[in-house]
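To start, the structure itself, in structure tokens.
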Amino acid sequence: MSKLPQKNQFLDLSDYGRPCARIIAQSLKKTSFTPIHVTIAFVFSGLIAIVCIFHQYYWATAFFLILKSILDAADGELARIKKTPSYTGRYLDSVSDILLNLLLMGTIWYVTDGSLGYAFLAFIGIQLQGTLYNYYYVILRNKHNGDTTSRIFEDSTPIALAGEKQKNVNILFFMYKMLYGTFDKIIYRMDKDAVKSSKLPNWLMTAVSTFGLGFQLLLIALMLVFGLKHYIVPFFIGFSFFILIFIGIRRFVNR
-19 MSKLPQKNQF
-9 LDLSDYGRPC
1 ARIIAQSLKK
11 TSFTPIHVTI
21 AFVFSGLIAI
31 VCIFHQYYWA
41 TAFFLILKSI
51 LDAADGELAR
61 IKKTPSYTGR
71 YLDSVSDILL
81 NLLLMGTIWY
91 VTDGSLGYAF
101 LAFIGIQLQG
111 TLYNYYYVIL
121 RNKHNGDTTS
131 RIFEDSTPIA
141 LAGEKQKNVN
151 ILFFMYKMLY
161 GTFDKIIYRM
171 DKDAVKSSKL
181 PNWLMTAVST
191 FGLGFQLLLI
201 ALMLVFGLKH
211 YIVPFFIGFS
221 FFILIFIGIR
231 RFVNR
């Protein structure tokens, strides 16, 4: 099931794992497995990938990073199939992603013996890239009556949905705000008029989808496999300049 009506769907380069994710979700439809279980599975897959980097098992790293991306899509698919959307799952997913990203960049810094400062800048860049992609995507979903579990402005604790506890939502939302709040504010201030956009063309969304976490992890996997690990940090620092380019294009098409 898509997060958008069919006529508004675009080629999402970060969502290459969606076909496999749908198969996984369908296979779990009539089981006791919940979307939270799948989220926990992608956390383990990400942690295994990080351990593999330490031991320089880069093909194994690539496998588990891609598996992590597939499972990251599968938890949402399962939630939609079972009709059990939850803010608990939404925030657990996001909190897990940012913590895994931090560990991933820290591990890459360690195995490349590079600059910790530059590695941290690359982490900041990755998060800002992903935030811009999510910002535009959530605007598009809300505009066209798509999936609305994610909100454009995460400024207040949401009311728990059926089947989840408000306490869990409160804790995870607090963690989300602590970890993502600054990134959300930066991107909003850079392009606050995006919420009023009359057009977010499919071709632009496809271009911005290169900022999606799935695509970022795929690039990291390929660079590790092809012996380019020393280029990962500088690449993501440099790639962050496209944030300004994409915002400029968005403004141009809505002028």
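Residue 34 in this note's numbering sits at position 54 of the sequence shown, with consecutive numbering throughout. We treat Cβ as the ideally placed atom computed from N, Cα and C, and that holds for glycine.
Cα-Cα separation, residue i to residue j
{"i": "Val149", "j": "Ile88", "result": "32 Å"}
{"i": "Phe154", "j": "Val75", "result": "10 Å"}
{"i": "Gln(-11)", "j": "Asn182", "result": "7 Å"}
{"i": "Met(-19)", "j": "Gly94", "result": "Reliability fails at Met(-19), whose pLDDT of 46 lies under 50, so the model's placement of it is uncertain and the value that follows must be treated cautiously. Going by the C-alpha atoms only, they are around 42 Å apart."}
{"i": "Val31", "j": "Leu80", "result": "12 Å"}
{"i": "Ser136", "j": "Thr11", "result": "34 Å"}
{"i": "Ser177", "j": "Leu101", "result": "30 Å"}
{"i": "Phe103", "j": "Leu208", "result": "17 Å"}
{"i": "Gly86", "j": "Glu134", "result": "28 Å"}
{"i": "Arg235", "j": "Ile217", "result": "29 Å"}
{"i": "Gln36", "j": "Leu27", "result": "14 Å"}
{"i": "Gly242", "j": "Tyr156", "result": "Only positions -19 to 235 of the chain appear in this structure, which leaves residue 242 out of reach."}
{"i": "Gly161", "j": "Gln146", "result": "20 Å"}
{"i": "Phe215", "j": "Leu197", "result": "13 Å"}
Other residues of its chain near residue i: CB distance less than 6 Å, five sequence neighbours each side excluded
{"i": "Thr190", "result": "Leu(-7)"}
{"i": "Ile50", "result": "Gly(-3), Cys0, Ala1"}
{"i": "Tyr98", "result": "Val213"}
{"i": "Met185", "result": "Phe(-10)"}
Buried or exposed by the 16-neighbour rule on C-beta atoms within 10 Å, applied to residue i
{"i": "Ala59", "result": "buried"}
{"i": "Ala142", "result": "exposed"}
{"i": "Phe206", "result": "exposed"}
{"i": "Ile225", "result": "exposed"}
{"i": "Leu(-9)", "result": "exposed"}
{"i": "Ile106", "result": "buried"}
heavy atom of the ligand COA below 7 Å from residue i C-beta
{"i": "Val188", "result": "As far as ligands go, the structure on display features none, and thus does not contain the ligand COA."}
Collapsed DSSP secondary structure at residue i in the structure displayed
{"i": "Gln109", "result": "helix"}
{"i": "Thr11", "result": "coil"}
{"i": "Leu137", "result": "The question names Leu, yet the displayed sequence has Thr at residue 137. Three-state result, Thr137: coil."}
{"i": "Thr87", "result": "helix"}
{"i": "Thr64", "result": "coil"}
{"i": "Leu(-7)", "result": "coil"}
{"i": "Gln36", "result": "coil"}
Neighbourhood of residue i by C-beta, 8 Å cutoff - its chain only, sequence neighbours within 5 removed
{"i": "Leu108", "result": "Phe163, Ile166, Ile167, Ser220, Ile223"}
{"i": "Leu72", "result": "Ile16, Thr19, Leu152"}
{"i": "Leu204", "result": "Ile33, Tyr38, Thr41, Ala42, Ile212"}
{"i": "Phe13", "result": "Leu58"}
{"i": "Ile46", "result": "Gly(-3), Leu197, Leu198, Ala201"}
{"i": "Asp(-5)", "result": "Ala53, Ser189, Gly192, Gly194"}
Chain-order list of residues whose beta-carbon lies under 7 Å from that of residue i (same chain, five-residue window excluded)
{"i": "Ala174", "result": "Tyr115, Tyr116, Ile119, Arg230"}
{"i": "Leu8", "result": "Leu58"}
{"i": "Leu112", "result": "Ile167, Val188, Phe191, Ile223, Phe226"}
{"i": "Asp171", "result": "Ile227, Arg230"}
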